[in-house]
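Enquirer: Below is the structure I would like to discuss, written out as structure tokens.
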Amino acid sequence: MHVQLPPKAIAVTVAAGLLFTVSVPTQPTQPVQAQGQAPFLTTPYYGHKAINPFFDHEYPYYGTNQIFTRYDGSRWTNMSGCTLGVNCYDGHNGYDFAMWYESVLAAADGTVTTSGWYVPNCRDFRRERGYGLRAEINHGNGYITRYGHLSAVMTQGQHVTAGQAIGTSGNTGYSSGEHLHFDVRDTSGNQFDPFGWRGSGADPNSPASWCMWKSGEWANLCGGISQPVPELIDGQVQIIDDLDYNFSKSCAAGYPCPDWYAANIGHNSHMWWTYVNGTTPDYWAKWTPNLLRPGLYEIFVNVPCNNATTWQALYNVATPSGWGSAYVDQYGLCDRWVSIGSYPFRQGYNPDYYVWVTDATGEESQHCSGTCRLGIDAIKLVRRGRSTYVPITMRP
Ligand SMILES: [Zn+2]
569 MHVQLPPKAI AVTVAAGLLF TVSVPTQPTQ PVQAQGQAPF LTTPYYGHKA
619 INPFFDHEYP YYGTNQIFTR YDGSRWTNMS GCTLGVNCYD GHNGYDFAMW
669 YESVLAAADG TVTTSGWYVP NCRDFRRERG YGLRAEINHG NGYITRYGHL
719 SAVMTQGQHV TAGQAIGTSG NTGYSSGEHL HFDVRDTSGN QFDPFGWRGS
769 GADPNSPASW CMWKSGEWAN LCGGISQPVP ELIDGQVQII DDLDYNFSKS
819 CAAGYPCPDW YAANIGHNSH MWWTYVNGTT PDYWAKWTPN LLRPGLYEIF
869 VNVPCNNATT WQALYNVATP SGWGSAYVDQ YGLCDRWVSI GSYPFRQGYN
919 PDYYVWVTDA TGEESQHCSG TCRLGIDAIK LVRRGRSTYV PITMRP
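Quick look at the structure:
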């Protein structure tokens with residue numbers, strides 16, 4: 569349900585000369601109170617990212633009424649007059665952060681309950697493809713956060729802590745440029761504006777929301793002063809190339825694995841590739857770290873421009889805490905390091921703990937059989953601190 573607010577429109581000319589209208593909402597017919605929840609969200613990226621567009625408080629389910637209402641009550645009634653034409657995406661149900669192919673962080677502790685393509689095996693640009701490669705995290709407090717248009721993402725079932733990397737932003741699904749779509753729902757499916765409502769009248773969002781961001785978080789525009797989340801590189805970065813001693817590859821058929829092909833492209837001008845093949849692993853490759861310190865390591869995989877065309881390479885990570893895994897849209901990536909999330913490791917070399925990828929991607933035959941290629945190259949491990957990682961948020 570949406571509380572409809574007949575606006576008393578007032579034309580306002582701002583300093584930039586842009587003409588838009590700001591409403592003075594009527595008094596609420598049913599005053600609504602915050603539900604007594606504590607703020608729980610942390611910034612889902614490193615550094616500072618711009619927001620464009622915001623959440624539309626009127627019909628935020630991609631419905632349209634030709635009106636865009638921002639968290640602070642600013643209201644645009646002429647869609648063609650919006651700044652850059654995109655600030656007021658009528659019906660937008662979340663926040664878009666301007667991000668290139670950059671790490672996406674869990675906004676709070678929780679469990680990844682949904683992951684993968686919004687429409688299975690579909691990555692093309694069409695409205696019904698929606699969020700593309702995406703993840704949803706259930707935070708156990710009645711709320712779920714969603715991360716859309718990703719290029720790599722942890723699979724479902726994994727527990728994450730606030731600030732832990734869960735994947736990489738991108739441009740998949742119904743998206744016309746690289747960004748992270750972030751939105752918040754409750755477990756009943758109601759959309760919430762995590763910035764709450766600071767307008768002078770009733771919150772047109774229903775049920776009413778409050779500011780969900782923790783104090784001091786950069787993404788928190790609810791008030792106060794915040795600083796960007798630093799990208800913590802704590803002590804060690806290790807690259808394992810596909811020609812190093814702690815890389816190996818094999819296959820079910822045994823040596824010499826004729827369908828592993830080499831190509832002189834990618835990191836250190838060398839990569840391996842093989843054809844994607846259904847759901848049974850026939851060919852696999854493995855990187856086994858040899859680390860100076862234990863901790864939580866963010867793992868990046870290098871995706872070359874050529875011979876890497878699978879839509880869902882499945883990287884598995886064997887850790888002291890159990891298995892983790894992530895999908896990577898190799899098709900949409902060219903000569904790029906992408907995060908597949910952060911995982912705990914012990915120090916030293918241990919053959920039980922490694923990163924493993926196979927030709928079994930599970931992609932459907934109509935688009936991939938015999939043609940899609942799994943391309944593998946170097947991986948990189950970046951220590952993000954101890955295994956119970958808490959992002960450092962500095963305040964002045
Ligand atoms: Zn969006």
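Everything in the sequence shown is counted per this note's numbering, starting at 569 for the first residue and increasing by one.
We put the CB at the ideal spot given by N, CA and C, even for glycine.
1) If you follow the beta strand (DSSP E) that asparagine 814 is part of, which residue opens it and which one closes it?
2) Between arginine 952 and glutamate 866, what straight-line distance do the alpha-carbon atoms span, to the nearest angstrom?
3) Using 10 angstroms around the beta-carbon of tyrosine 851, count the other beta-carbons present and answer buried if the total reaches 16, otherwise exposed.
4) To which residues of the same chain is glycine 834 closer than 6 angstroms at the C-beta, ignoring the five residues directly before and after it?
5) Can you grab the Cα-Cα spacing for the pair arginine 518 / tryptophan 905, in whole Å?
6) To which residues of the same chain is glutamine 804 closer than 7 angstroms at the C-beta, ignoring the five residues directly before and after it?
7) Could you check the C-alpha separation between aspartate 640 and tyrosine 627 for me, to the nearest Å?
8) So, does the region 710-717 touch the region 729-744, judging by three or more C-beta pairs under 8 angstroms?
9) Would you check if the distance between the CB atom of methionine 722 and the CB atom of glycine 892 is smaller than 9 angstroms?
10) Flag glycine 700 as yes when its Cβ comes closer than 8 angstroms to any non-hydrogen atom of ligand 1, and as no otherwise.
11) Should the region 696-709 be regarded as contacting the region 661-676, the criterion being three or more beta carbon pairs within less than 8 angstroms?
12) With a threshold of 8 angstroms, establish whether the CB of tyrosine 829 neighbours any heavy atom of ligand 1.
13) Please tell me whether proline 857 and isoleucine 808 are closer than 9 angstroms, where the distance is taken between their beta carbons.
14) Mind listing, in chain order, the continuous beta strand (DSSP E) runs of no fewer than 3 residues lying wholly within the region 635-708?
15) Check each candidate in Tyr917, Ile908, Pro912 and Phe913 and name the one with the smallest Cα separation from isoleucine 734.
16) Could you spell out the range, first to last residue, of the beta strand (DSSP E) harbouring proline 912?
17) How would the residue list near ligand 1 read, in chain order, if you kept each one whose beta-carbon is closer than 6 angstroms to any heavy atom?
18) Could you tell me if glutamate 785 is buried or exposed, where buried requires 16 or more neighbouring beta carbons within 10 angstroms of its beta carbon?
19) What residue from Met780, His838, Arg914 and Arg702 has the CA that sits closest to histidine 749's CA?
20) For the beta strand (DSSP E) containing leucine 718, name the first residue and the last one.
21) For the beta strand (DSSP E) containing asparagine 870, list its first residue and its last residue.
22) Taking buried to mean at least 16 other C-beta atoms within 10 Å of its own C-beta, is tyrosine 895 buried or exposed?
23) What is the residue span of the beta strand (DSSP E) that aspartate 751 lies within?
24) Here's a check: name, in chain order, each residue in its chain whose Cβ is nearer than 6 angstroms to the Cβ of aspartate 836, leaving out the five neighbours to either side.
Expert: Reading it off the structure:
1) Here residue 814 refers to the residue found at position 246 of the sequence shown. Premise fails: asparagine 814 is in no beta strand (DSSP E) and is neither H nor E.
2) Here the question's residue 952 lines up with position 384 in the sequence shown. Here the question's residue 866 lines up with position 298 in the sequence shown. The straight-line gap from Cα to Cα measures roughly 7 angstroms.
3) Start at 1 with the first residue of the sequence shown, and residue 851 comes out as number 283. By the neighbour-count criterion, in which 16 or more other beta carbons inside 10 Å mark a residue as buried, tyrosine 851 falls on the buried side.
4) Counting from one through the sequence shown, the residue named residue 834 turns up at place 266. Result list for glycine 834: Pro872 and Asp945, in chain order.
5) With the chain represented from 569 up to 964, any question about residue 518 goes unanswered, as that position is not in the structure.
6) Taking the first residue of the sequence shown as position 1, residue 804 is located at position 236. Once the five neighbours on either side are set aside, the close Cβ partners of glutamine 804 are Leu859, Leu860, Arg861 and Arg951.
7) On the sequence shown, position 72 is the one that residue 640 refers to. On the sequence shown, position 59 is the one that residue 627 refers to. Whole-angstrom Cα-Cα distance: 16 angstroms.
8) yes
9) As a working note, residue 722 is residue 154 in the sequence shown. As a working note, residue 892 is residue 324 in the sequence shown. Yes, these two residues count as a Cβ contact at 9 angstroms.
10) What you label residue 700 is simply residue 132 of the sequence shown in a count that begins at 1. No, the Cβ of glycine 700 stays beyond 8 angstroms of every heavy atom of ligand 1.
11) yes
12) Walking along the sequence shown from the start, residue 829 turns up at place 261. When distances are taken from the beta-carbon of tyrosine 829 to the heavy atoms of ligand 1, even the shortest one reaches 8 angstroms or more.
13) Within the sequence shown, numbered from 1, the residue matching residue 857 stands at position 289. Within the sequence shown, numbered from 1, the residue matching residue 808 stands at position 240. Yes, the pair counts as a contact, with Cβ atoms nearer than the cut-off.
14) 663-665, 671-673, 678-685 and 701-706
15) Indexing the sequence shown from 1 puts residue 734 at position 166. Nearest C-alpha to isoleucine 734: Ile908.
16) Along the sequence shown, read from residue 1 onward, the residue named residue 912 stands at position 344. It spans 904-913 - the beta strand (DSSP E) in which proline 912 sits, taken as one unbroken run.
17) Answer in sequence order: His660, Gly662, Asp664 and His749.
18) Within the sequence shown, numbered from 1, the residue matching residue 785 stands at position 217. Buried, since its Cβ has 16 or more Cβ neighbours within 10 Å.
19) The residue given as residue 749 occupies position 181 in the sequence shown. Checking every option, the nearest Cα to that of histidine 749 belongs to Arg702.
20) The sequence position of residue 718 within the sequence shown is 150, counting from 1. Unbroken beta strand (DSSP E) run through leucine 718: 711-722.
21) Position 302 of the sequence shown holds residue 870. That run of the beta strand (DSSP E) goes 863-871.
22) Locating residue 895 in the sequence shown gives position 327, counting from the first residue. Tyrosine 895 comes out buried.
23) Stepping through the sequence shown from its first residue, residue 751 is reached at position 183. Start and end: 748-754.
24) Stepping through the sequence shown from its first residue, residue 836 is reached at position 268. For the sequence presented, residue 836 should be read as asparagine rather than aspartate. Excluding positions up to five away in sequence, the list reads Asp809.
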